[in-house]
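> Residue 205 in the UniProt record's numbering is what sits at position 205 of the sequence shown, and the numbering runs on without skipping anything.
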Amino acid sequence: MDSISDQLKGWKDGAFQKRLQKKEAELLASERIQKLINDDSIITEEIVKKHLNEFDQYNKERNHCDHCPGLEDCPNMMQGYQPVVSSDFGDIRIGYQPCVLKRQDDQKHQQQNMIKSLYIPKEIVEATFSNVDEDDTSKLRAKAKALEFAHTADPGNDGQGLYFYGKFGVGKTYMMGAIANLLAERDIETMLVYTPDFFREIKQGISDGSYQEKLEAVKSVPVLILDDIGAENLSSWLRDEVLGSLLQYRMMEKLPTLFTSNYDFDELEAHLMYTQKGNVERVEELKAKRIMERIRYNHEPIYLNGENRRKNN
Ligand code: ADP
Ligand code: MG
Numbered sequence: 001m002d003s004i005s006d007q008l009k010g011w012k013d014g015a016f017q018k019r020l021q022k023k024e025a026e027l028l029a030s031e032r033i034q035k036l037i038n039d040d041s042i043i044t045e046e047i048v049k050k051h052l053n054e055f056d057q058y059n060k061e062r063n064h065c066d067h068c069p070g071l072e073d074c075p076n077m078m079q080g081y082q083p084v085v086s087s088d089f090g091d092i093r094i095g096y097q098p099c100v101l102k103r104q105d106d107q108k109h110q111q112q113n114m115i116k117s118l119y120i121p122k123e124i125v126e127a128t129f130s131n132v133d134e135d136d137t138s139k140l141r142a143k144a145k146a147l148e149f150a151h152t153a154d155p156g157n158d159g160q161g162l163y164f165y166g167k168f169g170v171g172k173t174y175m176m177g178a179i180a181n182l183l184a185e186r187d188i189e190t191m192l193v194y195t196p197d198f199f200r201e202i203k204q205g206i207s208d209g210s211y212q213e214k215l216e217a218v219k220s221v222p223v224l225i226l227d228d229i230g231a232e233n234l235s236s237w238l239r240d241e242v243l244g245s246l247l248q249y250r251m252m253e254k255l256p257t258l259f260t261s262n263y264d265f266d267e268l269e270a271h272l273m274y275t276q277k278g279n280v281e282r283v284e285e286l287k288a289k290r291i292m293e294r295i296r297y298n299h300e301p302i303y304l305n306g307e308n309r310r311k312n313n
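1. Kindly indicate which three-state DSSP category residue 227 falls into: helix, strand or coil?
2. Have a look at residue 28 and residue 58 and give me their C-alpha separation to the nearest angstrom.
3. Can you list, in chain order, the stretches of the beta strand (DSSP E) that have 3 or more residues and sit fully within the region 150-221?
4. I'd like to know if the region 89-105 and the region 262-271 are in contact, where contact means that at least 3 CB-CB pairs between them fall below 8 Å.
5. Output the distance between the C-alpha atoms of residue 94 and residue 44, rounded to the nearest integer angstrom.
6. Measuring only from the beta carbon, is residue 307 closer than 7 Å to any heavy atom that is part of the ligand ADP?
7. Restricting to Cα atoms, I'd like to know which of 49, 210, 36, 38 is closest to residue 17.
8. What are the boundary residues of the alpha helix (DSSP H) that residue 55 is part of?
9. For the alpha helix (DSSP H) that contains residue 254, what are its first and last residues?
10. So what's residue 294 in DSSP terms, helix, strand or just coil?
11. Quick one, what's near the ligand MG if you take every residue whose CB is closer than 6 Å to any heavy atom, in chain order?
12. Shorter than 7 Å, the distance from the beta carbon of residue 230 to the closest heavy atom of the ligand ADP, or not?
13. Does the distance from the CB of residue 150 to the CB of residue 182 come in under 8 Å?
14. Does the distance between the C-beta of residue 105 and the nearest non-hydrogen atom of the ligand ADP fall short of 7 Å?
15. Could you tell me the alpha carbon to alpha carbon distance between residue 284 and residue 273, rounded to whole angstroms?
16. Counting pairs of beta carbons, one from the region 155-165 and one from the region 117-132, are three or more of them closer than 8 Å?
17. When you compare the region 128-147 with the region 202-219, are there three or more beta-carbon pairs, one atom per stretch, that lie closer than 8 Å?
18. Just to check, is the beta-carbon of residue 136 closer than 7 Å to a non-hydrogen atom of the ligand ADP?
19. As an exercise, report each continuous alpha helix (DSSP H) stretch of at least 4 residues that is fully enclosed by the region 86-141, in chain order.
20. Taking only the alpha-carbon atoms, compute the straight-line gap between residue 228 and residue 79 and give it to the nearest angstrom.
21. Output needed for residue 179: all residues of its chain with C-beta closer than 6 Å, excluding positions within five of it in sequence on either side, in chain order.
22. Taking the straight line between their C-alpha atoms, what separation do you get for residue 171 and residue 189?
23. Whose C-alpha, out of 248, 295, 116, is nearest the C-alpha of residue 192?
24. Going by DSSP, name the residue or residues bridged to residue 5.
25. When DSSP labels each residue in this structure, what does residue 302 get in the three-state scheme?
26. Residue 305 and residue 169 - do their beta-carbons sit closer together than 8 Å?
27. Verify whether the separation of the beta carbon atoms of residue 250 and residue 159 is less than 8 Å.
28. Where DSSP assigns a beta bridge to residue 83, which residues make up the other side?
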């Protein structure tokens with residue numbers, strides 16, 4: 001007679017066997033596994049039984065994909081990856097490949113690496129042309145110009161840029177964000193810079209010598225967006241040595257610069273005339289004209305009007 005432990009073992013084995021058979025039957029009956037067996041000449045019922053755990057895992061994870069809760073909540077073992085069965089030379093293997101959502105997400109991150117921004121809010125960095133509103137005819141025209149630029153820009157060969165001006169809150173910076181995103185799709189690197197903060201940082205960098213490096217990076221980027229030019233506090237050094245030499249370099253190298261401003265060209269020229277050193281204000285018409293020449297040279301001023309989207313803030 002069997003000992004109690006043998007009986008117990010036999011009973012356990014039996015229960016285990018039953019569970020195994022049940023799992024096997026369920027798996028073999030599933031539509032997905034049936035399709036695999038029908039479509040792949042190498043995969044047979046025997047093979048599925050032999051690699052039961054792998055096929056079970058495959059089936060479970062594919063079921064998750066059928067009811068995909070989104071990339072962030074992906075319940076699969078490796079987030080954003082789906083199992084695939086391969087049967088190379090009779091060797092059955094379950095591998096993993098990124099799903100469509102994961103691939104799109106990777107691509108988006110790769111594109112965002114093409115956009116460098118200094119002091120620009122996230123919503124602007126994510127702007128798209130399809131979201132640009134068309135509440136005013138001036139915006140339609142600006143949008144057409146922006147699209148043309150984004151589709152045809154050729155840094156290094158064509159230095160033609162854009163100058164968007166108009167009242168606060170009409171969407172000038174937003175439109176620039178949409179340009180940067182379209183350029184990223186074309187693998188063209190863009191830097192969006194909020195001019196007042198950038199100048200402030202350059203000024204602070206004089207003491208530790210870091211300004212050279214910062215200036216170099218901005219100077220030579222394929223497409224530079226100087227956002228809100230005219231809102232900065234200028235010293236004659238910032239105007240002539242920083243802004244002046246930056247624009248000179250970009251003009252010579254045919255690197256496009258895009259501007260947004262509350263000022264039209266004449267108003268910007270007037271702003272550039274006045275510089276401050278300590279309490280002394282200086283007026284230098286000629287130096288302002290010199291900078292403006294570089295801006296007027298290959299930028300058509302484009303006026304934007306419309307609702308102030310920030311009025312409720
Ligand atoms: P401006 O640069 O002309 O002062 P912004 O581009 O900063 O104006 O736009 C003002 C606000 O409205 C910002 O918060 C911006 O994100 C938002 N905004 C502008 N245009 C759109 C748009 N088409 N869709 C969504 N938000 C927008
Ligand atoms: Mg702005």
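Note that beta-carbon positions come from the ideal geometry of N, C-alpha and C, so glycine has one too.
A quick look at the data gives this:
1. Within the sequence shown, the letter at position 227 stands for residue 227. Three-state DSSP puts residue 227 in a strand.
2. The count along the sequence shown starts at 1 and reaches residue 28 at position 28. The count along the sequence shown starts at 1 and reaches residue 58 at position 58. Approximately 13 Å between the Cα atoms of the pair.
3. 162-166, 190-194
4. no
5. Within the sequence shown, the letter at position 94 stands for residue 94. Within the sequence shown, the letter at position 44 stands for residue 44. Cα to Cα, residue 94 sits roughly 15 Å from residue 44.
6. Translated into the one-based positions of the sequence shown, residue 307 becomes position 307. It does not: the Cβ of residue 307 is nowhere closer than 7 Å to a heavy atom of the ligand ADP.
7. Here residue 17 corresponds to residue number 17 of the sequence shown, with the count starting at 1. If we check each option's Cα against that of residue 17, 49 comes out closest.
8. Taking the first residue of the sequence shown as position 1, residue 55 is located at position 55. It spans 52-66 - the alpha helix (DSSP H) in which residue 55 sits, taken as one unbroken run.
9. As a first step, residue 254 is located in the sequence shown; it is residue number 254 there, counting from the start. Careful: residue 254 lies outside any alpha helix (DSSP H) and carries neither H nor E.
10. Taking the sequence shown and counting its residues from 1, the one referred to as residue 294 is at position 294. Looking at residue 294 - three-state DSSP - the assignment turns out to be helix.
11. 172, 173, 227, 228, 260
12. Along the sequence shown, one-based indexing puts residue 230 at 230. Flag unset: Cβ of residue 230 not near the ligand ADP.
13. Taking the first residue of the sequence shown as 1, we reach residue 150 at position 150. Taking the first residue of the sequence shown as 1, we reach residue 182 at position 182. Between residue 150 and residue 182, the CB-CB gap stays under 8 Å.
14. Locating residue 105 in the sequence shown gives position 105, where the first residue counts as 1. Within the chosen limit of 7 Å, the ligand ADP does not reach the beta carbon of residue 105 with any heavy atom.
15. As a working mapping, residue 284 is identified with position 284 in the sequence shown. As a working mapping, residue 273 is identified with position 273 in the sequence shown. Rounded to whole angstroms, residue 284 to residue 273 spans 5 Å at the Cα level.
16. no
17. no
18. Taking the sequence shown and counting its residues from 1, the one referred to as residue 136 is at position 136. Outside the cutoff, so no.
19. 100-112, 122-125
20. The count along the sequence shown starts at 1 and reaches residue 228 at position 228. The count along the sequence shown starts at 1 and reaches residue 79 at position 79. Between residue 228 and residue 79, the C-alpha separation is close to 41 Å.
21. Your numbering for residue 179 matches position 179 in the sequence shown. Around residue 179: 146, 150.
22. Counted from its first residue, the sequence shown places residue 171 at position 171. Counted from its first residue, the sequence shown places residue 189 at position 189. Rounded to whole angstroms, the separation of the alpha carbons of residue 189 and residue 171 is 22 Å.
23. As a working mapping, residue 192 is identified with position 192 in the sequence shown. Among 248, 295, 116, the Cα nearest to that of residue 192 is on 116.
24. The residue you call residue 5 lines up with position 5 of the sequence shown. Looking at the DSSP assignment, residue 5 forms no beta bridge with any residue, so it has no partner.
25. Taking the sequence shown and counting its residues from 1, the one referred to as residue 302 is at position 302. Three-state result, residue 302: strand.
26. As a first step, residue 169 must be located in the sequence shown, where it is residue number 169. As a first step, residue 305 must be located in the sequence shown, where it is residue number 305. No, the pair does not count as a contact, with Cβ atoms beyond the cut-off.
27. Mapped onto the sequence shown, residue 250 falls at position 250. Mapped onto the sequence shown, residue 159 falls at position 159. Yes, the pair counts as a contact, with Cβ atoms nearer than the cut-off.
28. Translated into positions along the sequence shown, residue 83 becomes position 83. According to DSSP, which records beta bridges pairwise, residue 83 is partnered with 96.
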